[in-house]
Amino acid sequence: MTAPEDDTKAYMTLKRKLTDVSNESHKQTVVQRSSASFETNDMVSPHKKRLYVTVDPEGNQMQVEVAHNSLPENVSHDESNSYIVNADDINLDLSSYSYSVVVDGIVEDVDLNDCQYSEEPVKGVLKSELDESESGDEHDEVVTKEAAYGFPEPEDADPLFKSMYRMSRLVASELMDKIGTHPKMNGRVQTLEQKVLASLFLLGNKTSYIVASDKFQMSKGSLYLTLKNFCQVLTEMRSDYIKWPTDQIHLRKIAQEFEQETGMPGVVGAIDGIHFPIKQKSRLAHAYRNNQNFLSIHMQAVCDANLMFLDVHCGNPGSVDDETVYRSCDLRDKLLHDPLPGDLHLVGDAGYPLEPFMLTPYPGDPRRLTPAQREFNERHHNSVLAVKLSLQLLQGRFQRLKFLDMERESDIPVTIVACCVLHCFLLQEECEEDDQFMDITDIDPNPDINKSEKELRALCNHYQPEAASKRDVLANLINPVQC
Numbered sequence: 001m002t003a004p005e006d007d008t009k010a011y012m013t014l015k016r017k018l019t020d021v022s023n024e025s026h027k028q029t030v031v032q033r034s035s036a037s038f039e040t041n042d043m044v045s046p047h048k049k050r051l052y053v054t055v056d057p058e059g060n061q062m063q064v065e066v067a068h069n070s071l072p073e074n075v076s077h078d079e080s081n082s083y084i085v086n087a088d089d090i091n092l093d094l095s096s097y098s099y100s101v102v103v104d105g106i107v108e109d110v111d112l113n114d115c116q117y118s119e120e121p122v123k124g125v126l127k128s129e130l131d132e133s134e135s136g137d138e139h140d141e142v143v144t145k146e147a148a149y150g151f152p153e154p155e156d157a158d159p160l161f162k163s164m165y166r167m168s169r170l171v172a173s174e175l176m177d178k179i180g181t182h183p184k185m186n187g188r189v190q191t192l193e194q195k196v197l198a199s200l201f202l203l204g205n206k207t208s209y210i211v212a213s214d215k216f217q218m219s220k221g222s223l224y225l226t227l228k229n230f231c232q233v234l235t236e237m238r239s240d241y242i243k244w245p246t247d248q249i250h251l252r253k254i255a256q257e258f259e260q261e262t263g264m265p266g267v268v269g270a271i272d273g274i275h276f277p278i279k280q281k282s283r284l285a286h287a288y289r290n291n292q293n294f295l296s297i298h299m300q301a302v303c304d305a306n307l308m309f310l311d312v313h314c315g316n317p318g319s320v321d322d323e324t325v326y327r328s329c330d331l332r333d334k335l336l337h338d339p340l341p342g343d344l345h346l347v348g349d350a351g352y353p354l355e356p357f358m359l360t361p362y363p364g365d366p367r368r369l370t371p372a373q374r375e376f377n378e379r380h381h382n383s384v385l386a387v388k389l390s391l392q393l394l395q396g397r398f399q400r401l402k403f404l405d406m407e408r409e410s411d412i413p414v415t416i417v418a419c420c421v422l423h424c425f426l427l428q429e430e431c432e433e434d435d436q437f438m439d440i441t442d443i444d445p446n447p448d449i450n451k452s453e454k455e456l457r458a459l460c461n462h463y464q465p466e467a468a469s470k471r472d473v474l475a476n477l478i479n480p481v482q483c
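First residue of the sequence shown: 1, per full-length UniProt numbering; consecutive thereafter.
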């Protein structure tokens, strides 16, 4: 692993002590010999948290101490929170320690043994600059909290907050206002802010509960209960943010937006399925193993042209394919009993059945299709792309969805739906999708059926007369050439 470039906004923070100085007398000598520390505002506590790094005279060991509101008597500092250390003693054996790194908003644990740095071996970790004008001594070195650990200047604090919690401070405050009165968010031990930020941190990053426990000064049990309650509260709010349009005005508005974006008329939603990896389960493991050979929970999603979810159906084991989920979902029952106007429809890939209210692409080799059919397929593909992008944004923003390691199976769908609610809440509040969290390296990362199966189903779909006729009419409307 190479050192992150500056433009990736990599912030290195010390995670925990891995090496002890067991001899107490030597420990005192170390503190007196040299020390460096930085001060940072704790995001969930009104108190200041200080981290003290001490180095032995040979520079080959380090001790870490965390304290609140006080400095050791033998650590000097100036009013700007810069701490004076001896430049000769900043020669740390960094390979003995474990760090957390935040790169492009993703928190990962890294082993410095795997890192390769440039000529400055401690760049981004204990980067320090000699400031003789301030110290008055050529052997004194000033290590500020920004220089030492790469933390941003105050004006850049909000991007760091957003990379950690997946939303701006203002939007996080609005979220707290919306859920703060719920009984599950009350409590005497942790504040509302602490609960919300801890939950957002866990959902937004793949970091362990141990790291989160240290960061938020909460036990693993408290973190688990906090996240569970937070997700349950959001799931109860799903009808406020994930709503299938029931009136003609809303349906027509969605169709107009799709046509403006893709040139495809009559689209009121793009549908697709996604598999979220889950922890190995000995019981009924075969039911959760999908055709990509990993255990997963399936979610079906429908979204509009703005990537907002209109419907989600979550909880089927990974072995269940898209079509089976669709045929048994509440949305299809709703469309069967309360049909859409004849010129409106959903769009889905070839894994879905061709129906009057569900249009799929023309099957077969594109070279054998007519120009009108090829044009239809291109616009159809661009429309379906909306839901694929929406799901990629969901997974990119909430990294916990890339591996759901919950012990209790019932917690998994609740967590997924909670992230969907947050996804819609953020699109509403921030008025746009956030490219910072968009992962487009693989737009269809875990398809539930392979290409040949989809092609076979598409050929079967071709013989649904009413739906096939509607598709032909639409293809001729888009490109008036005989189908």
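Backbone N, C-alpha and C define an ideal beta-carbon position, used for all residues, glycine too. Since the model is a prediction, treat every value here as computed from it, not as a measurement.
Outcome for residue i when other beta-carbon atoms lying within 10 angstroms are tallied against a minimum of 16
i: histidine 337; result: exposed
i: glycine 342; result: exposed
i: glycine 136; result: Bear in mind that a pLDDT of 39 at glycine 136, under 50, signals an unreliable position, so the model cannot answer this.
i: asparagine 293; result: exposed
i: isoleucine 297; result: buried
i: phenylalanine 230; result: buried
i: aspartate 177; result: exposed
i: glutamate 323; result: buried
i: histidine 423; result: buried
i: glutamine 428; result: exposed
i: residue 499; result: Coverage of the chain is limited to positions 1 through 483, which leaves residue 499 absent and any answer about it impossible.
i: serine 163; result: buried
i: arginine 471; result: buried
i: leucine 477; result: exposed
i: phenylalanine 276; result: buried
Within 9 Å, strictly: CB atoms of residue i and residue j
i: glycine 273; j: alanine 305; result: no
i: glycine 266; j: isoleucine 412; result: no
i: isoleucine 242; j: valine 312; result: yes
i: alanine 255; j: cysteine 303; result: no
i: threonine 235; j: valine 421; result: yes
i: glutamate 407; j: lysine 279; result: yes
i: valine 414; j: valine 384; result: no
i: tyrosine 165; j: leucine 200; result: yes
i: leucine 340; j: leucine 474; result: no
i: leucine 175; j: phenylalanine 425; result: yes
i: phenylalanine 309; j: serine 239; result: no
i: asparagine 479; j: glutamate 375; result: yes
i: methionine 299; j: isoleucine 416; result: yes
i: glutamate 261; j: alanine 172; result: no
i: lysine 184; j: alanine 198; result: no
i: tyrosine 209; j: lysine 220; result: yes
i: tryptophan 244; j: leucine 331; result: yes
Supposed close pair residue i, residue j - CB separation, criterion 8 Å
i: alanine 350; j: proline 361; result: 6 Å
i: histidine 345; j: leucine 359; result: 5 Å
i: leucine 170; j: leucine 202; result: With a Cβ gap of about 21 Å, leucine 170 and leucine 202 do not count as contacting.
i: isoleucine 179; j: valine 233; result: 5 Å
i: glycine 318; j: arginine 289; result: 6 Å
i: glutamine 248; j: serine 222; result: The Cβ separation is near 49 Å, so there is no contact.
i: glutamine 395; j: leucine 401; result: 5 Å
i: leucine 354; j: alanine 212; result: That belief does not hold up - the Cβ atoms of leucine 354 and alanine 212 are roughly 47 Å apart, past 8 Å.
Residue range of the unbroken alpha helix (DSSP H) whose run includes residue i
i: aspartate 333; result: 330-337
i: isoleucine 249; result: 248-262
i: alanine 386; result: 371-397
i: histidine 423; result: 411-430
i: asparagine 479; result: That residue, asparagine 479, is in no alpha helix (DSSP H); it is neither H nor E in DSSP.
Residue i, enclosing beta strand (DSSP E) - first and last residue
i: aspartate 405; result: Element bounds for aspartate 405: n/a, residue is neither H nor E.
i: methionine 299; result: 296-303
i: histidine 345; result: 345-347
i: asparagine 320; result: Checking the displayed sequence, the identity of residue 320 turns out to be valine instead of asparagine. Premise fails: valine 320 is in no beta strand (DSSP E) and is neither H nor E.
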